[in-house]
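Have a look at the structure below before the remarks.
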Amino acid sequence: MRRIFVVAALAALIMSCSQQAPKVEHLRVEGTALMNESGDTVELKGMSFGWNVLWPRFYNAQAVKHVVKDWDAELVRAAIGVEIDDDECQVENYLKNPEFGKQCACTIVDAAIENGVYVLVDWHAHGLHTEAAVEFFTYMATKYKGVPNVIYEIWNEPSYKDHINQIDYTWAEIKEYSETVIAAIRAIEKDAVIIVGTPRWSQNVDDAANDPILGYDNLMYTLHFYAGTHKEWLRQKGDYAISKGLALFVTECGGMNADGQGPIDVESTEAWIEWMDENDISYAFWSISDKEETCSMLLPSAPSEGPWADTDLRPWGRFVKEQL
1 MRRIFVVAAL AALIMSCSQQ APKVEHLRVE GTALMNESGD TVELKGMSFG
51 WNVLWPRFYN AQAVKHVVKD WDAELVRAAI GVEIDDDECQ VENYLKNPEF
101 GKQCACTIVD AAIENGVYVL VDWHAHGLHT EAAVEFFTYM ATKYKGVPNV
151 IYEIWNEPSY KDHINQIDYT WAEIKEYSET VIAAIRAIEK DAVIIVGTPR
201 WSQNVDDAAN DPILGYDNLM YTLHFYAGTH KEWLRQKGDY AISKGLALFV
251 TECGGMNADG QGPIDVESTE AWIEWMDEND ISYAFWSISD KEETCSMLLP
301 SAPSEGPWAD TDLRPWGRFV KEQL
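According to the numbering used here, the stretch in the sequence shown is residues 1 to 324, in order.
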């Protein structure tokens with residue numbers, strides 16, 4: 001009887017070990033490149049979940065598993081809505097309900113770890129909220145200290161500080177905010193990659209290239225594009241930033257117009273993908289959501305936890321799935 005018990009215990013141990021979450025390598029930034037522990041250049045390709053306050057139903061572990069196993073995503077992004085507050089919101093934004101925002105972020109992070117992929121923790125804000133951001137990233141860095149899967153995106157798209165007169169946040173203002181949040185993360189997490197937002201909805205990477213943040217390793221800078229609106233002129237800004245030594249990460253992109261609508265500009269999208277591949281720039285397509293808009297990948301028929309049949313996908317979803 002004892003021998004049977006020992007054999008059963010060993011079998012259980014072997015099964016337990018075989019079911020452990022697949023490991024990923026720690027990442028670091030060398031010059032303009034994202035690299036793994038083996039010294040290989042890494043280009044991550046994946047997709048972003050839509051705003052958690054608009055589509056909380058997709059913020060679950062099974063949805064992450066589906067896009068990893070069936071869509072071959074190497075990267076997922078948790079877009080934690082900070083200030084959005086309109087009739088479409090199904091839950092309160094982070095500023096009103098930070099606990100729900102943390103819950104959504106941790107759900108996606110835990111599922112990414114379980115499935116062996118990287119995850120962007122995205123402070124999905126347009127406005128400046130330094131104190132709240134420090135609190136959020138302090139919490140996340142403490143919870144996931146040393147976990148190689150986690151990448152911190154500290155300001156999604158700095159936009160208008162004065163909406164009436166359409167005055168943008170300057171790079172000086174974004175830089176000051178970023179240095180404060182980076183310091184808070186680095187007080188806990190010494191090595192994780194941190195991605196810094198750039199002016200004009202994360203387009204003016206040239207501004208950051210002319211006055212980069214100093215004193216920290218493993219920093220990257222955000223470049224966003226929507227191929228129907230953004231053409232060669234924006235890639236030229238990217239080229240300039242790279243020439244100045246800036247490491248770029250396209251944490252959000254789409255094939256349509258910048259408002260998320262309009263037709264998919266396949267030619268422009270393919271030009272962008274070619275440019276990112278040539279420069280080993282990682283990217284996440286926007287978005288896992290079911291709104292009546294071009295940039296949403298899913299139809300309302302799509303089950304919250306997947307799997308998603310082709311009949312559940314909008315044209316953009318089919319395009320992204322094919323690309324990945």
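Cβ coordinates follow ideal geometry from the N, Cα and C atoms, glycine included.
Residue i, DSSP secondary structure in three states
i	result
E153	strand
L234	helix
I4	In this prediction, I4 has a pLDDT of 46, which is less than 50 and means its spatial position is unreliable; what the coordinates show is noted afterwards. Three-state result, I4: helix.
C89	coil
W286	strand
K45	strand
M220	strand
Y59	coil
T198	coil
V205	helix
I108	helix
A21	coil
E189	coil
K96	coil
E293	coil
K175	helix
Q103	helix
W272	helix
I182	helix
E305	coil
N52	coil
I281	coil
K244	coil
L13	With a pLDDT of only 48 at L13, under 50, the local geometry of the prediction cannot be trusted, and the value read off the model is given with reservation. L13 falls in the helix class under three-state DSSP.
Q323	helix
I264	coil
I213	coil
D239	helix
For residue j and residue i, believed in contact at Cβ under 8 Å, the rounded distance
i	j	result
G306	A63	5 Å
F49	R77	6 Å
T222	T180	At roughly 17 Å, the Cβ-Cβ gap does not stay under 8 Å, so T222 and T180 are not in contact.
N165	D122	Not really, about 28 Å apart at Cβ, beyond 8 Å.
H337	W51	Lying before the first or after the last residue shown, residue 337 is absent from the chain, which here runs from 1 to 324.
K45	S282	7 Å
A284	M47	6 Å
I154	A133	7 Å
E74	V117	6 Å
A209	Y169	Actually they do not touch by this definition, with Cβ atoms about 17 Å apart.
8 Å Cβ shell around residue i - same chain, five flanking residues per side excluded
i	result
E25	N36, E37, S38, P148
Y216	I182, R186, I194
D312	L298, L299, S301, A302, P303
G31	G245, A247
K69	N115
C253	H224, F225, Y226, A227, W272, Y283, A284, F285, W286
P22	N115, G116
Residue i - partner residues in DSSP beta bridges
i	result
H124	G81
G35	This sequence places Met at residue 35; Gly is not what is there. Beta-bridge pairing links M35 to R28, T41.
D168	Y160
A226	Before going further, note that residue 226 is Tyr rather than Ala in the sequence given. Looking at the DSSP assignment, Y226 forms a beta bridge with G254.
V76	M47, V119
F249	T222
L313	L298
7 Å CB neighbourhood of residue i in its chain, flanking five on each side removed
i	result
Y144	V109, V150
I264	G255, M256, T294, P315, W316, F319
N367	Limits of the chain in this structure are 1 at one end and 324 at the other, which puts residue 367 out of reach.
E189	A141, K145
E292	none
P212	L246
A184	V134, F137, T138
G238	V205, L223, L248
C104	N52, P56, Y59, A78, I80
L234	Q203, F225
I84	W51, V53, N93
D40	none
Cutoff 6 Å; reference residue i; Cβ partners in own chain excluding five residues on either side
i	result
S159	H126, W201
W55	S289
R28	M35, N218
T107	Y59
N204	T198
V91	V53, P56, F100
A258	Y226, T229
Beta carbon proximity, residue i to chain D, threshold 8 Å
i	result
V196	You won't find chain D in this structure, because it holds only one protein chain.
What are the start and end residues of each continuous alpha helix (DSSP H) run of 4 or more residues lying completely inside the segment 129 to 153, in chain order? 130 to 143
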